[in-house]
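Q: Just add 4 to the spot in the sequence shown (first one is 1) and you have this note's numbering.
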Amino acid sequence: MPKRILPLLSLAFVTALLLAACGGGGGTDLADLATRAAGVEPSTSLSISARSVKFDKDTLVAKADADVVVRFENRDGGVNHNVAVYTDSSARTNLFRGDLFEGERTMEYRFRAPAAGVYYFRCDAHPNMNGAFITK
Numbered sequence: 005m006p007k008r009i010l011p012l013l014s015l016a017f018v019t020a021l022l023l024a025a026c027g028g029g030g031g032t033d034l035a036d037l038a039t040r041a042a043g044v045e046p047s048t049s050l051s052i053s054a055r056s057v058k059f060d061k062d063t064l065v066a067k068a069d070a071d072v073v074v075r076f077e078n079r080d081g082g083v084n085h086n087v088a089v090y091t092d093s094s095a096r097t098n099l100f101r102g103d104l105f106e107g108e109r110t111m112e113y114r115f116r117a118p119a120a121g122v123y124y125f126r127c128d129a130h131p132n133m134n135g136a137f138i139t140k
């Protein structure tokens, strides 16, 4: 292989690694998720699961100002997960925080949903697991 090609290939490889590391890390676009969920009817009974350190849903739509049940199935054996709801993606103001628990197990969280709006949910142990918690 010519000597000039090796540095170019190395640069391309490093660039690809940096792009891959940055990909998907731009945060959850709550407005986009809310737009996609516009036609979804709110519910007081929600379900979500985790497997391979990922939620199976990026949007939960609940009835505003109502008592809700979130059935959370942790399918990651030996891995702690939870579902927590915050006012926004900064995760500074907590509205509900479910207990962390090790999979494989299922837990039901019960709490009062906030007023109509678009909020943020995540797993506190793995903040890259997140989405929009929408109330209407």
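In this text, a Cβ means the ideal position worked out from N, Cα and C, and glycines have one as well. As the structure is a computational prediction, the values presented were derived from the model and not from experiment.
Taking the continuous beta strand (DSSP E) assigned at residue 110, which residues delimit it?
A: Translated into positions along the sequence shown, residue 110 becomes position 106. Start and end: 109-116.
Q: Quick one: which unbroken beta strand (DSSP E) runs of 3-plus residues sit fully inside the segment 49-125? Chain order, please.
A: Fully enclosed beta strand (DSSP E) runs of 3 or longer: 49-55, 63-66, 71-78, 88-90, 98-101, 109-116.
Q: Just the Cα atoms here: how many angstroms apart are residue 95 and residue 80?
A: As a first step, residue 95 must be located in the sequence shown, where it is residue number 91. As a first step, residue 80 must be located in the sequence shown, where it is residue number 76. Distance between the alpha carbons of residue 95 and residue 80 is about 23 Å.
Q: Counting along the chain, where does the beta strand (DSSP E) carrying residue 136 start and finish?
A: Here residue 136 refers to the residue found at position 132 when the sequence shown is read from its first residue. 134-139 is the span of the beta strand (DSSP E), which, as asked, contains residue 136.
Q: Let's see if you can read the secondary structure: which residues bound the alpha helix (DSSP H) around residue 169?
A: Residue 169 falls outside the range modelled here, since the chain spans only 5 to 140, and no answer is possible.
Q: From residue 53 to residue 62, what distance separates their C-alpha atoms?
A: As a position in the sequence shown, residue 53 is number 49, starting the count at 1. As a position in the sequence shown, residue 62 is number 58, starting the count at 1. About 11 Å.
Q: Taking buried to mean at least 16 other C-beta atoms within 10 Å of its own C-beta, is residue 57 buried or exposed?
A: The residue labelled residue 57 in the question sits at position 53 within the sequence shown. Looking at its Cβ environment, which holds fewer than 16 other Cβ atoms inside 10 Å, residue 57 is exposed.
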